[in-house]
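Just so you know, the sequences run in chain order B and U.
Here the first sequence is numbered in my numbering, starting from -14 and rising by one per residue.
Here the second sequence is numbered in my numbering, starting from 110 and rising by one per residue.
Notes for the one structure printed next.
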Amino acid sequence: MKKKIEEPTFETALKQLEIAVDRLEEGALPLSEALKVFEEGLKASNQCRSLLEDARQQVEVLVRDSDGEFELVSIDSNKGFADE
Amino acid sequence: MEHPLSVSDVTQAVKQTLEMQFPPMWVIGELTSFSQPSSGHRYFTLSDPHSQLRCVMWRSRSITGFRPTAGMEVLAQGQLTVYERRGEYQFNVSQLFPAGVGQQLIAYEKLKKKLSEEGLFDEDRKRPLPEYPRTIGVVTSQTGAAFRDILDVLKRRFPAVRIVLRPAQVQGLDAPEDIAQGIADFNSFGEVDVLIVGRGGGSAEDLAAFNDEEVVRAISDSEIPVISAVGHEIDTSLSDIAADVRAPTPSAAAEIAVRDVLEVREQVGRLTLRTREAMQRLLDKNKDLLEAHEGSYGMRRLSDLIFQNAQHVDELHRELYALLRRLFESRLADYYRMTGKLGSLSPLSVLERGFGLVQREDGSVVSDAGILTPREHLHIRFAKGEATCRVEKINR
């Protein structure tokens, strides 16, 4: 069973930002199109930033339950669990 | 009688036959009469109860990890050859190991050869690592230093990355199966972008699981790219060779897995700045075009565009549109000053006459009280300045 995550990834957001820069820098867009591209670019930029801002380290352990299904159990990486 | 051969001819013929018949090989035996004269070359004999084999090992070949002494059981790798001056055959040794270590090494070499022939180590099988992984899967011991090191490095370099550990025994008899299963688990789970498989440094025995066929096959079968991180820099395991990328240590694996967030932030910043600058240039260019035109249509379109676009601005872009509006308004004002015309067509001149532009929080322009909800905030733009107001009562 493969899961897909739907929210935009950093990589796609960065790609969108790069595309926006390229298109605007070509300088050939009509103004209405340029505004749209500009808006998309800034939106992508904000997505990038917010994806980078997340400073909490998220650590989980992959376990199988009694039915053989996968389960993720969060652990707190800031509490020295590894030393116990 | 046939033409007689010279002694050299015979010796040469024997030498050629011998060297062609016997490829490089491993020989096990007891070390007897070891000597190393000042030349640095070593001369010794390998023996068993029935036979002896004379050996030479040149100074350029090194012996590591043990001191050869008479009576030891050893494994020697080399090539049979003929010492022409004496007309004797001898074993030209390139590697020498104590028998136990040597046998492990032979097993290692054999497995390496087999897997290599199957193509498991081929360069063209190596997959590129994702540049910005969202989730990193780790197969190692939950209590080991390796995992702790990986967490520390990731926290420093790219804290936003999610880490999923599949705990596995990394030494002992069950280790190979556990590690291989861990890699397979991640592949069926599917939610990770790259795998780090490994453990911290240890003795050759501690690292043995990473030379196990089961583990090596699991790594090469993995659909998810694998970074191997086994032991210290000097240890190279078959896992390392099968992995898409080999990291010298677990910390190094974490360094390889993600880019430094500071660098990435800077890159985003640079791109954003370039976006703004390019837009600015486009606006400048557009202004010249419009000014070259006498007609009013273009200018009206332009201002329409700003306000229409403002209707689907979200929170994040309010600031941007304010900036854009200011830009356009100053351009429009320039234009009116130059032409003295068109004033009445502009939304600005409507504001001059005392009307206000009413916008909702999302920037959309309000032309129907019916869409409003009590207590929501509205922004009213006047010819000069703005006000934020609250809806008290709605009359449809």
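Note that beta-carbon positions come from the ideal geometry of N, C-alpha and C, so glycine has one too.
Looking at residue j and residue i, is the spacing between their C-beta atoms short of 7 angstroms?
i      : j       : result
S329/U : D258/U  : no
S337/U : V306/U  : yes
R275/U : V248/U  : yes
A277/U : D261/U  : no
I60/B  : V44/B   : yes
I245/U : A366/U  : yes
V22/B  : R8/B    : yes
A318/U : V324/U  : yes
V116/U : M166/U  : no
Q199/U : Y192/U  : yes
P334/U : D353/U  : yes
V370/U : L37/B   : yes
A29/B  : A(-2)/B : yes
H486/U : R499/U  : yes
T384/U : V6/B    : yes
V270/U : S250/U  : no
G463/U : R505/U  : no
L184/U : F206/U  : yes
A387/U : E24/B   : no
L162/U : F153/U  : no
G180/U : D157/U  : no
G309/U : A356/U  : no
F298/U : F55/B   : yes
P268/U : A40/B   : yes
R243/U : T(-6)/B : yes
D475/U : R484/U  : Note that residue 475/U is Val in the sequence shown, not Asp. Not in contact: V475/U and R484/U (Cβ atoms no closer than 7 angstroms).
By Cβ distance, which residues of its chain are closer than 8 angstroms to residue i, with the 5 residues on each side in sequence left out?
i      : result
G449/U : The predicted model places G449/U with a pLDDT of 49, which falls under 50 and marks its position as unreliable, so this point remains unresolved.
G311/U : Q280 and G340
So which residues of chain U does residue i contact, with C-beta pairs closer than 9 angstroms?
i     : result
S30/B : V377, G378, L380, T381 and T384
Please work out which residues of its chain come closer than 7 angstroms, Cβ to Cβ, to residue i, disregarding the five sequence neighbours upstream and downstream, and give them in chain order.
i        : result
L425/U   : Low confidence applies to L425/U: its pLDDT is 37, below 50, so where it sits in the model is not reliable enough to give any reading.
S331/U   : I292, N296 and L304
P15/B    : none
K(-13)/B : Note that K(-13)/B scores 43 on pLDDT, short of 50, meaning its location in the model is unreliable; the coordinates nonetheless yield the value given after this. Nothing listed; no residue qualifies.
Q417/U   : Because the pLDDT of Q417/U is 48, which lies under 50, any placement of that residue in the model is unreliable, and the question is left without a value.
L2/B     : G26, A29, S30 and C33
T497/U   : H486 and H488
Cβ closer than 9 angstroms: which chain B residues qualify as neighbours of residue i?
i      : result
I272/U : Q42, Q43, V44, E45 and S62
V373/U : F(-5), L(-1), C33 and L37
D294/U : L47, R49 and F55
R275/U : V46, L47 and V48
Leaving out five residues before and five after residue i in sequence, what residues of the same chain have Cβ atoms less than 6 angstroms from its Cβ?
i      : result
E69/B  : Because the pLDDT of E69/B is 37, which lies under 50, any placement of that residue in the model is unreliable, and the number read from its coordinates should be weighed accordingly. Result list for E69/B: empty, nothing under 6 angstroms.
E403/U : Model confidence at E403/U stands at a pLDDT of 39, short of 50, so the residue's coordinates are unreliable; what they give is reported in the following sentence. Excluding residues within five positions, none has a Cβ falling inside 6 angstroms.
G149/U : R168
G196/U : T120
Give the range of the alpha helix (DSSP H) segment to which residue i is assigned.
i      : result
F23/B  : L16 to E38
F200/U : From DSSP, F200/U is part of no alpha helix (DSSP H) but of the beta strand (DSSP E) over E197 to P207.
S142/U : From DSSP, S142/U is part of no alpha helix (DSSP H) but of the beta strand (DSSP E) over M134 to S144.
F295/U : A284 to F298
V48/B  : No alpha helix (DSSP H) contains V48/B, which is instead part of the beta strand (DSSP E) from Q43 to R49.
A492/U : Per DSSP, A492/U belongs to no alpha helix (DSSP H) and is neither H nor E.
R266/U : A254 to R266
List, in chain order, every chain B residue whose beta-carbon is nearer than 8 angstroms to that of residue i.
i      : result
P268/U : D39, A40, R41 and Q42
Y241/U : T(-6), F(-5), E(-4) and L(-1)
V370/U : L37
L263/U : Q42
Output the boundary residues of the beta strand (DSSP E) element that contains residue i.
i      : result
L155/U : R151 to S156
R271/U : R271 to P276
I305/U : V303 to R308
G181/U : Gly is not the amino acid found at residue 181/U; the sequence shown has Met there. Note, M181/U: premise wrong, no beta strand (DSSP E); not H, not E.
V123/U : That residue, V123/U, is in no beta strand (DSSP E); its alpha helix (DSSP H) goes V116 to Q130.
F55/B  : F55 to I60
Q161/U : Q161 to M166
For residue i, return the contacting residues in chain U, with the cut-off set at a CB-CB distance below 7 angstroms.
i     : result
E54/B : None at all; the shortest Cβ gap to chain U is about 10 angstroms.
Could you name the residues of chain B that residue i contacts, counting a contact when the two beta carbons are closer than 7 angstroms?
i      : result
R355/U : What R355/U touches in chain B: nothing, since even the nearest Cβ is about 24 angstroms away.
M388/U : L9, A19 and F23
L487/U : Ordered by position in chain B, no residue passes the 7 angstroms Cβ test against L487/U, which lies about 23 angstroms from the chain.
F298/U : L47 and F55
Does the distance between the C-beta of residue i and the nearest non-hydrogen atom of the ligand MG fall short of 6 angstroms?
i      : result
A293/U : In terms of ligand content, the structure shown is empty, and the ligand MG therefore cannot be addressed.
Please list the segments of the beta strand (DSSP E) lying wholly inside the segment 321 to 371 of chain U, counting only runs of 3 or more residues, in order along the chain. 335 to 339 and 354 to 356
Length-filtered (3 minimum) beta strand (DSSP E) runs lying within the segment 217 to 257 of chain U: 244 to 249
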